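Visitor:
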RNA sequence: AGUCCUGUAGCUCAGCUGGUUAGAGCGCUACACUGAUAAUGUAGAGGUCCGCAGUUCAAAUCUGCGCAGGACUACCA
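Numbering (the numbering used here), first residue to last: -2 to 1155.
#1: Going by DSSP in three states, residue 322 sits in which element: helix, strand or coil?
#2: Pair every Cβ in the stretch 291 to 310 with every Cβ in the stretch 330 to 344, then say whether three or more of these pairs are closer than 8 Å.
#3: Hey, how far is the Cα of residue 667 from the Cα of residue 42?
#4: Taking the Cβ atom as the reference point for each residue, do residue 214 and residue 318 lie within a distance shorter than 9 Å?
#5: Report the option in 709, 344, 349, 339 whose CA atom is closest to the CA atom of residue 358.
#6: Helix, strand or coil: how does DSSP classify residue 519 here?
#7: What is the DSSP secondary structure of residue 201, reduced to helix, strand or coil?
#8: Between residue 1136 and the rest of its own chain, which residues show a CB-CB distance below 8 Å, the 5 nearest in sequence each way excluded?
#9: Would you call the stretch 501 to 514 in contact with the stretch 524 to 542, where contact means no fewer than 3 C-beta pairs closer than 8 Å?
#10: Tell me residue 466's beta-bridge partners as DSSP assigns them.
#11: Would you list the residues sitting across from residue 1159 in a DSSP beta bridge?
#12: Alpha carbon to alpha carbon, how far is residue 767 from residue 612?
#13: Tell me the DSSP secondary structure of residue 1042 in three-state form.
#14: Straight-line CA distance for residue 405 to residue 570?
#15: Extract the residue ranges of the alpha helix (DSSP H) inside the stretch 226 to 291, only unbroken runs of 4 or more that lie entirely within it.
#16: Quick one: measure Cβ to Cβ for residue 130 and residue 87, integer angstroms, because I've assumed they're closer than 8 Å.
#17: Go through its chain and collect everything with a Cβ distance to residue 695's Cβ below 7 Å, but skip five positions before and after it.
#18: Could you spell out where the alpha helix (DSSP H) holding residue 366 opens and where it closes?
#19: Going by the CB atoms, is the gap between residue 1007 and residue 981 shorter than 9 Å?
#20: Nearest to residue 409 by alpha carbon, out of 419, 402, 401?
#21: Going straight from the alpha carbon of residue 995 to that of residue 1014, what length do you get?
#22: When we look at the beta-carbon of residue 154 and count the other beta-carbons within 10 Å, is it buried (16 or more) or exposed?
#23: Between residue 313 and the ligand GDP, is the CB less than 8 Å from at least one heavy atom?
#24: When the Cα of residue 1240 is compared with those of 645, 660, 474, which residue comes out closest?
#25: Please tell me whether residue 121 and residue 151 are closer than 9 Å, where the distance is taken between their beta carbons.
#26: Near residue 924, what residues of its chain come up, given a Cβ to Cβ distance below 6 Å and the 5 sequence neighbours on each side ignored?
#27: Does DSSP classify residue 374 as helix, strand or coil?
#28: Using the Cα positions of residue 776 and residue 894, report the straight-line distance between them to the nearest angstrom.
#29: For the 8 Å Cβ check, are there 3 or more pairs between the stretch 448 to 468 and the stretch 290 to 297?
#30: According to the Cβ coordinates, are residue 916 and residue 812 closer than 9 Å?
#31: Using three-state DSSP, classify residue 127 as helix, strand or coil.
#32: Scan the stretch 836 to 890 and note each continuous alpha helix (DSSP H) run of 4 residues or more that stays entirely inside, going in chain order.
#33: Rounded to whole angstroms, how far is the Cβ of residue 1088 from the Cβ of residue 1117, which I believe are closer than 8 Å?
#34: According to DSSP, simplified to helix, strand and coil, what is residue 825?
#35: Which class does residue 85 belong to by DSSP, given the choice of helix, strand or coil?
#36: Report yes if the C-beta distance between residue 207 and residue 594 is below 9 Å; otherwise report no.
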C-alpha cells in the first residue's frame, strides 16, 4: 500500500512477485528498455551476442540462470555508459525439430517424399519450431532479460541463409571446404547415418555378446621381415584381435604401437596343432599363454590344445614391425586406392586388451580410416548400405553381417539353408573358417557395450559416407593463437577443455543427410569434375538464367525475386530450403547439367554464423564490421563485431563457442568474442541433473510466481559462481528474500517513515551526484557523525569492489559484497545505532546528515544491485529519486571517502560491543540495566587512539557509563604472547618449532622485557637468534577481580557492581520500553502525544526511579504530562486505559496512557 | 577411454601467493532484545578440510597416485 500524499511511498509488506509484476508493466508502458538504448545511442558500443535457443522445447529453470547472467552484464555495461544492442535469435533447424514433427505427424523418415511431400514436411517444421516462442518470450520478459524480441534473427529466414551461403563460398574459394568421406555411425536398418547426438541417447549403448577372434596374419618373408624368421618355428604370424570378424575380409592393414614392446613366440596352433611362431605385444602374453606351460617341452605336446608349450624367441619394438608385409587373410577382393597388407604404426594402439596389434579395416572404423590415410593404405568396403556382404565375398554373399538384422523367421530360414539347427552368424562362421585354415588363435564370446540405433534398436555399423568438410586443421595455429586472446570465465575451460580440443583438431564434418536445414550451396556435374559454389541469391539467379538459356531448366523459380532489393518483402518470395533448391539444375561451363549436393549443413554452422547472418552481412550492414581486411585482427573493432561478451552453458564449449570461433577465424581472421562466460548446470537440491524423467525439473514460471524474478536471480548469482554447478534449492531463495530483500526493504521503509514526517527533501539531480547529495544550504560534510562517515566509507569500498567484480565478470563476489553491506553494515549496525537521530528532535544539521547518508546508501545500493535484481531496485530507486535506475549512470566511488582506519576502528567497536554483551549475558544483566564501567587493556598506541575515537559509540551501544583504557604497563594485567609464524618462520626456518616453543613459554617478566627493549636474544638448539617485538603478538589476558571476556587479541572487563542510582536508571529504561510497547499496541502514530500516568503501587524503587528520571521518561515517550504529575501513588482514581506491566520477575506497576487531544 | 570441473559443519558456501583456535549464513538448542519487529543480538552443540603418499620448520592450501560426483568429446581392435 503506497500513500501518494507522501513524498516517499511506504509499504506494508514486501511482495517481490507483485513488485516485479508492477515494474514490468511500468517498463512496458514507458518502454524503459527503449529509453535505455536511446539514452546511449551515441555511446561507445558494448557488443553482446545472444546464443539462439531452439523454441522447439520449453524453457527450464537453467534458462533463467543463463539469461540472468547475460542480462546482468548487459545492464551493467549500459549503466557504465555503453550502448548495448541485444538482438534475440532463434535456432530453428536440426534433428530435434525433425523428430518432433515426425512424432507429431506419426511418420518416419522413410515416409518423407512418399506419404508426405517434402514441402509439407518443411512447412510443418517451420510451424513446429516456433511453437513455444510465446512461452519463451514470456519467460524472457518475466525474468527481466532485456532483449530485442521484436526483431530477432531466425535461422530459417532467407536473408540468414544467404549470409551463411556467403560464408560457405568464402571458405570454398579459399579451399577450406572439400568433399571427402568419413566413417560414421550408420543404421542399415533405418538406412541413415546417425549423429553423435542420436548415439548419445540414453539406452543406445547396450552390452552385447559378440564372437571375438584372434586372427593370425601370415608374414611374408622379405628383407623387412627377415628378423622375424630367425629360428622360426613353422610359419610366422602376427596376432590381431577383433570383436567384429565380419570386417576381416575388408582388412587392409595391421596397426602396432611404435613404442610398445613386442615379442616373437614359438608355439603350436591351438586348433590345428601345427608349429607356428606368433608376434604380439609383450604385455599381452599373459592373456594368451599360460605361465605353467612356458618353456615346456615341445616334443611332449599332446596336441590337445591344453598346456601348449611356448617360448619367447625374440623381442623388439613396434616400429621395427612397420613395413612388414603379410598375406591377405580372406582374399575375396583387391583393395583400391593405395598400398595394402602392411604393418603400420598408430598412436592409438593400447595394450589394455587384444594383442597390441589392431586389425585395420579403413572402411569400418574411424581410427582405422585415419591411420590408413596417413600411411596411404587402400580400403575394401565389402558390405553394402543395407549391411549385407557384397557378391565378391562368395562364401557369405548377400548375408547380413549382423544376425540382429534378420527377423526370427529369416534367421530360421537361413539356418535351414546352412543345414544347421541353429543359425550361425557370419562372425561365427568366419571364426570357424579361420580355425580350420589354421588362421585363428583364439575364438570366444566377448561381452562389450555396442551402440544401437535408437529407432530400430539394431546394432549400428560404422560405414564410410560421403561428406563435406571444413578444413579447420589448415588454420589450427590461428585458432589456437586467437583463443589465447579470449578471456574465459572460468579460465580453465578456455585453456583446458577448449584449448585441448583445438590441439586435437579434426576437420569439421559439415554434412547432414536431412531435410530441415540450410542446404549446401554446391552444384556438381554427375562425374563430379565440374563444381560450383553459390554465395548469394544474385549469383544463383545469374546461374539459373544461364541454365534456362542453355535449355537445362524451363524457367526461373525465383523469378519474382529482384536482386539488390533488400526489402523483407522481396526476400519473403524466396525459399531456399529443400526441396526448392533441389529442383534447380545449373549448367557447367562445358554445358553439362549440375545438380545440388543433397546434403544439408550442420546446424552448428547456422548458430556459429550468427554474428554475420543476424545482420545479413555482407549484403546489408557491412558498416557494422571492421572496415577493411588490413584492419581485421589488428584490434580495430566493428560496431557489431566482434562481441565483447557472450555467455552460454559450458556444454556449448565444443558447440556454439567453437563454431563461432572457427567461423570467425577462418573467414575474418579474428576472434568472434573477447570474453565468454561458460555457466554451469542447474542441478536439483541433491545434486542430480534435472530431467522430466526423474520428475525433479523445476518449473521456471511457478518459481517466478512464487518468489519473483529478483529473489530467484539474486539467489542464483549470490549462491555460487556462474560456472559452478548450482544445486537449486527453493529454501535458498526464501533465505535471500528474508535476508537481503527484507533488510533492504525494512531499511527503506524506515527511511521513508521519518523522511516523510520530517519533510526531508533530497537535493537530487539526475546527473549523478558524487558523494552525498544534500539539502540546499546544508552541504557536504556538515553534521556528519563518525558513523555517517563510517557507513559512507564502507559504501564506497563496496562500490569499488562491486564495480571491479562486475567488470571482471565475477557477479557472485559483487552480489555477496552488496548483500553483506546491506544486511550487516547498513541494516544491523548503522540503522540500529542511528535510529534516534531520525526520530528525535527537529530537523537540523545532524538529522539532515543522517537522512542524506541513509538516502545515499539506499540509492547507491539500488544502482549497484540493479544488474542482478532489476525489478525491486527500480522500484526502490524510483521511490528515492523519481527516475528509473536503468537509466542512471553507474556511481563512481570516491576514494577520499574511503577511510580504512575508520573501518578498522568500527570493526574494533563491534568486536568490543559483542564482548561486553557476552559478559552481560553471562552475568545476567540485561542491556537496559546501565553498568558503571568497562575496562579495556591496551597494548599499543594504535589501539589506544582507536579506543578514544569509538568510546562513545561502544558505551551507548552496551549501555555503560565509562570506558577505562588500561595501560599495558599496569601490573594488574597478565599478558599472553604468541609468535607471528609468518614473520618468524621466514627468518627462522628449521628453528621455527623450537623458537615458537621458547616464546610460548615466556613468563610475564620476559614479556615485559621484550616490550621494554624492543628485541631479545634467544638461544635455541645452540643457535643465538634475535627476537624482535614485531615478531610476536602480545595481548592482555585477564583483569583480576572483574568479569572478563576475550576473543583473539582483544579483552574487555566489566565492573558489574550495581549502585542504587544505576538500578533506578535501569528501571526508568524498563518503564520507557513498556510505555513504548503500549503506545504501539494502542495503535498510536509515531508522532502522537500522550497523557501518561504511572502507578507505582508502593514499589519504592519504581517511585524513586520515576522521580529521578521523570524528564527522561516524558521526553522519550512524547508525554505531555507535567513531570511532577507523572507518578500517581496509591489508588486507582477512575483512570481509563490502565495497563499492568511487568518490569522484571518481581516488580510490576500500572500504566495509564491516553492520546492527548491537541 | 580422454579432457575439464567439483569435493571444507546437517545444508549452501568463504578461506588470497603455504603460517598455528579452519570461518560465515541457514538449520538446531538456550537465553535476551523489542518506536525497523514474520526482524535482531548473545551463547552452545556440530569438522578424519574426500583418501593415501610426498615436498616443507609449517599443507585445507603445493606435487603425485587414487576415490566419489558432474560435464563434454570419443567409442574403440
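Positions of the beta carbon are idealized from the N, C-alpha and C atoms, including for glycine.
On a predicted model such as this, the values are computed, not experimentally measured, just so you know.
Guide: This is what the structure gives:
#1: strand
#2: no
#3: 18 Å
#4: no
#5: 339
#6: strand
#7: coil
#8: 1075, 1147, 1148, 1149, 1150
#9: no
#10: 175, 506
#11: What is shown of the chain runs -2 to 1155, which leaves residue 1159 out entirely.
#12: Its pLDDT being 39, under 50, residue 767 is placed unreliably in this model, and the coordinates cannot settle the point.
#13: strand
#14: 53 Å
#15: 282 to 285
#16: 7 Å
#17: 58, 687, 725
#18: 363 to 371
#19: no
#20: 419
#21: 12 Å
#22: buried
#23: The ligand GDP is absent from the structure shown, which contains no ligands of any kind.
#24: Summary: the structure shown does not reach residue 1240, with the chain confined to residues -2 through 1155, and so no result is reported for it.
#25: no
#26: 956
#27: strand
#28: Any answer about residue 776 is weak, because its pLDDT of 43 lies below 50 and its placement is not dependable; what the coordinates show is given next. Between residue 776 and residue 894, the C-alpha separation is close to 15 Å.
#29: no
#30: no
#31: coil
#32: 842 to 862, 867 to 878
#33: 6 Å
#34: helix
#35: strand
#36: no
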